[in-house]
Amino acid sequence: MASCLRLASSNLSRTSSVLSTLRSNLGRRSLHKRKELPYPVEGGLGNFLPPPALNTLLEYQDGLLERLNQEVRTDTKSELHSSVTQTVVTYSYQRDRTLAFNYAVLALNNSFFLEQLAPPPDEESGLPNHQGYISEDLFEKIRVHYGDLLRLKSTFSAAAMGMFTNGWVWMVTDNEGNLGVLHTLGPSTLLVRSRNNMNYQHGLVLGEPELHANSGDIPIRPLPSYSPNTPPGVTPSLPTSGVSGQSPTRVPFDPHARAIHASSVSHFDLGSPASIHGPEPRESEVRGSALPSMMSVGKTIFPLFCVPVYEHAWMSAGFGVWGKEAWLREFWSVLDWRKVSKAYRVAKEGGLSKPLTKI
6 MASCLRLASS NLSRTSSVLS TLRSNLGRRS LHKRKELPYP VEGGLGNFLP
56 PPALNTLLEY QDGLLERLNQ EVRTDTKSEL HSSVTQTVVT YSYQRDRTLA
106 FNYAVLALNN SFFLEQLAPP PDEESGLPNH QGYISEDLFE KIRVHYGDLL
156 RLKSTFSAAA MGMFTNGWVW MVTDNEGNLG VLHTLGPSTL LVRSRNNMNY
206 QHGLVLGEPE LHANSGDIPI RPLPSYSPNT PPGVTPSLPT SGVSGQSPTR
256 VPFDPHARAI HASSVSHFDL GSPASIHGPE PRESEVRGSA LPSMMSVGKT
306 IFPLFCVPVY EHAWMSAGFG VWGKEAWLRE FWSVLDWRKV SKAYRVAKEG
356 GLSKPLTKI
């Protein structure tokens, strides 16, 4: 009789221990909550994301994190205080956790997208965007790779317009500072590669400590003026003008200028308009007669900024079902080039790739 009581007591103890562990996991996994944005939500982001549209994306983020929490609460093997980024890495190898992986990836991407934006400058400044904050180093690389800022916008926008499914378009760089445009489809990300965090702000993910770009790190760069000494083949233009200054001329191809394009137009029909900003010059006229291979881009890439290609983004902003093109035009007025320049600088300094084994 005594042995039976001891056995029952032992079983009860083990059951209580399991229940206690489960309760602990259920509680500790309710960690991912949306942090405040570095700009006031009630003001919105200009025409790109008016207050109702910005609130829609924040509601979307809340929903992703809530569903992510629900998925991982029952995972007894989940690590204590695991971040959203770590969740992406952990579940990328587990087929039975595909749904949690998808929620984590979308929350990661959406967070990065919103953090790289800023409200348009005040009307008193007379500036339509934040392009004056582009660092000299980044601006020079844009000039080398694309000719000018207008052509970079054209390439990026063409990539987004060429996508007929949901996904993300990314501006990326590599260790050498080369620039390129890539797209990912559905719940895919470039913020985590080979178990490394490729985000220049390691605490950026919503629900983690916030790290802001210090406005003092990057001074306002004076806008370049027109100069007769502009190198051949490069059109001098003001970053804020949106208009090229002269027609491009032929120059020898620079083997060090590398770029990747997600636009089918740039690959197959170089003579047709590839830009929502206006006619795009032939790539051979800008960079030479030969096109660089996509395989020439560095193996390690770092995101600088991204934009979602999801209908709810432009529809909530009031652009309608077919308003993606008009919506993309407004993107450049709220892109925070200070943060983009900081991400570019950190990538070149080798400070982006951070192992995710313990974060």
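Numbering of the sequence shown is given in my numbering, commencing with residue 6 and proceeding in unit increments.
Ideal Cβ placement from N, Cα and C applies to all residues, glycine included.
Quick caveat: nothing in here was measured; it's all calculated off a predicted structure.
- Leu190 is classed as exposed because its beta carbon has fewer than 16 other beta carbons within 10 Å across all chains shown.
- Between Thr81 and Asp179, the C-beta gap is not smaller than 9 Å, which leaves the two residues out of contact.
- Going by C-alpha positions, Ala331 is about 37 Å away from Gln75.
- Going by DSSP, Pro313 is part of the beta strand (DSSP E) stretching over Ile306 to Val314.
- Pairing Val177 with Asp153, the inter-Cα distance amounts to about 17 Å.
- Within 10 angstroms of the beta-carbon of Val197 lie 16 or more other beta-carbons, which makes it buried.
- Take Trp319, set aside five residues on each side of it, and the residues of its chain with a beta-carbon closer than 7 Å to its own are Gly328, Lys329 and Trp332, in chain order.
- Distances from the CA of Lys347 to each of Ser87, Leu157, Leu143 and Pro56 were compared; the closest alpha carbon is that of Leu143.
- Close CB contacts of Ser193 within its chain, under the 8 Å cut and outside five residues either way in sequence, are with Val110, Gly172 and Trp173 (chain order).
- The region 307-327 makes contact with the region 47-64, as at least three CB pairs between them are under 8 Å.
- Residue range Gly172 to Asp179 is occupied by the beta strand (DSSP E) that includes Met176.
- The Cβ neighbour count for Tyr98, taken over all protein chains shown within 10 Å, is under 16; the residue is labelled exposed.
- Cβ contact annotation for Glu335 (same chain, cutoff 7 Å, sequence separation greater than five): Gly51, Asn52 and Phe53, in chain order.
- According to the DSSP assignment, Val186 belongs to no alpha helix (DSSP H) but to the beta strand (DSSP E) extending over Leu184 to Leu190.
- Shown here, Leu50 sits in a strand according to DSSP, grouped into three states.
- Here Val77 is not bridged, per DSSP, to any residue.
- Per DSSP, Phe324 lies in no alpha helix (DSSP H) and is assigned neither H nor E.
- Inclusion of Leu42 and Ala112 in the CB contact set at 9 Å is not warranted, their separation being larger than that value.
- Beta bridge pairing from DSSP links Leu122 with Leu340.
- In the three-state reduction of the DSSP assignment, Asn134 falls in the coil class, being assigned neither a helical nor a strand state.
- The continuous alpha helix (DSSP H) containing Phe144 extends over residues Glu141 to Tyr151.
- Beyond the five residues adjoining it in sequence on each side, Phe106 comes within less than 8 Å, by CB distance, of Thr92, Val93, Tyr96, Ser97, Gln99 and Pro192 in the same chain, given in chain order.
- Per DSSP, Gln99 lies in no alpha helix (DSSP H) and is assigned neither H nor E.
- When the beta-carbon positions are compared, Asn183 and His135 stay at least 9 Å from each other.
- Secondary structure note for Ser162: its alpha helix (DSSP H) is the uninterrupted segment Leu154 to Met166.
- Taken atom to atom, the span from the alpha-carbon of Glu71 to that of Gly167 is near 32 Å.
- Rounded to the nearest angstrom, the gap between the Cα atoms of Val339 and Val89 is 26 Å.
- Of all alpha-carbon atoms in Leu73, Trp337, Ala58 and Gly49, the one lying nearest the alpha-carbon of Leu157 is that of Trp337.
- When only Cα atoms are considered, Phe307 and Lys146 end up about 15 Å apart.
- Per the C-alpha coordinates, the member of Glu129, Val326, Gly48 and Arg78 positioned closest to Ala123 is Gly48.
- Exclusion of the five residues before and after Pro55 leaves Gly49, Ala322 and Gly323 as the residues of its chain whose Cβ lies within less than 8 Å of its Cβ.
- Take the alpha-carbon of Glu129 and the one of Gly325: they are about 31 Å apart.
- For the options Tyr349, Cys311, Lys353 and Ala352, the alpha carbon positioned closest to that of Gln121 is the one of Cys311.
- Counting C-beta atoms within 10 angstroms of its own C-beta, Pro45 has fewer than 16 neighbours from the protein chains shown and is therefore classed as exposed.
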